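Report on one structure; see the data block that follows.
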Amino acid sequence: MTTNFVRRSTRILVLNPNSSASMTHGVEEAIRGMNLAQSTEIYTYTAPPESPASINDGEDVALSTDVVYKNLTSSGALQQYDAVLVACFSVHPLVRKLSALHGGRGKLVVSGIFEAGIQASLVLTGSTSKWGIVTTGKFWEVHLSSGVNAYLGADPEAVNHKFAGVQSTGLDAGDFHGGVDPSVIREKLKDATKRLLRQGSVECVVMGCAGMAGLEEIIRSAAIEEYGPEQGKEVFIIDGVRAGVGLLEQTVRNKDLFQRA
């Protein structure tokens, strides 16, 4: 008797580059609600304790890159995966560095939740509407705005009439998982969302932090208060983690379909 291999599963690693297990748990809860193919397997990773518990600025981004890259390359763990999602909403160097490594189907397919959020917004936003980002601290307003332009191939200071910009809450990523009263989080997130919505006809709001997973209702309530019930309910609220998992699931398939023989 002979047997033939017909199909294989897609294995995606969702990588939390900070050392907060509670943030990884929040990411896992967001993914559990997704309608994925039965052949798609999702695994999560939390950075070692040497990595920051919350990534709040450029120094934290750099440190988390060094710690995680060293940990993953020394262990050889990436060999078993087809794709990696870097679950930090930033221009994270791990996206570029891990893309050069090999996994189960040759070179890994890698995206960050930042890049996935941009792609989802570009597809969902109408020709006359805008999209924008609500994030944590003030540092990210410039970091993400210039990052959007760089990702789209524009000059750092270029004006993008489809992009409504970045509004910050003044919170840290870790604040969404304890330490700050939920009423304070609600107030600050609603305020940042309303400031973004006032930039024009904003059709997509991207949650600019993995720690915001599960807080869509707060953004929705801000949209309804600002735009009214009818228009407010039509605003897309994009979770970069879920956008990224969906993007990588399809991209791995596309790689198998379209790569050179």
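Take the sequence shown: its letters are residues 159 to 419, numbered as in the numbering used here. Cβ atoms here follow ideal geometry from the backbone N, Cα and C, with glycine treated the same way. No experiment lies behind these values; they were computed from the predicted model shown.
How big is the Cα-Cα spacing for residue i and residue j?
i: Leu373; j: Gln357; result: 22 Å
i: Ser287; j: Phe394; result: 12 Å
i: Lys413; j: Val185; result: 26 Å
i: Ala195; j: Val403; result: 11 Å
i: Ile376; j: Arg344; result: 6 Å
i: Asp218; j: Ser285; result: 37 Å
i: Lys348; j: Val338; result: 15 Å
i: Phe163; j: Ile200; result: Any answer about Phe163 is weak, because its pLDDT of 49 lies below 50 and its placement is not dependable; what the coordinates show is given next. Taking the straight line joining both Cα atoms gives about 22 Å.
i: Thr202; j: Ser379; result: 30 Å
If you reduce the DSSP assignment to three classes, tell me which class residue i lands in.
i: Ile213; result: coil
i: Glu199; result: strand
i: Gly332; result: helix
i: Leu310; result: coil
i: Val338; result: coil
i: Thr283; result: coil
i: Leu373; result: coil
Tell whether a beta-carbon distance below 8 Å holds between residue i and residue j.
i: Trp289; j: Phe247; result: no
i: Thr293; j: Val324; result: yes
i: Phe334; j: Gly369; result: yes
i: Pro175; j: Ile213; result: yes
i: Gly328; j: Lys346; result: yes
i: Ala245; j: Leu171; result: no
i: Ile396; j: Gly275; result: yes
i: Ser304; j: Pro314; result: yes
i: Thr182; j: Glu407; result: no
i: Gly398; j: Phe272; result: yes
i: Tyr239; j: Gly264; result: no
i: Pro207; j: Ser177; result: yes
Determine which residues share a DSSP beta bridge with residue i and list them.
i: Ser248; result: None, per the DSSP bridge assignment.
i: Thr293; result: Ser326
i: Gly168; result: Residue identity differs from the one stated: residue 168 is Thr in this sequence, not Gly. Paired residue(s): Thr198.
i: Cys362; result: Trp289 and Phe394
i: Leu173; result: Tyr203 and Val244
With a threshold of 7 Å (Cβ to nearest heavy atom), would residue i be considered close to the ligand NAP?
i: His250; result: Of the ligands one can find in the structure shown there are none, so the ligand NAP has no counterpart to examine.
Quiz item: Could you give the uninterrupted runs of the alpha helix (DSSP H) lying entirely in the region 384–419, keeping only those of 4 residues or more?
Solution: Every alpha helix (DSSP H) of 4 residues or more that sits fully in the region 384–419 is shown, in chain order, as 387–390 and 398–416.
Exercise. Could I get the ranges of all uninterrupted beta strand (DSSP E) runs contained in the region 225–269, with 3 residues as the minimum, in chain order?
Key: With a minimum length of 3 residues, the continuous beta strand (DSSP E) runs that stay inside the region 225–269 are 241–244.
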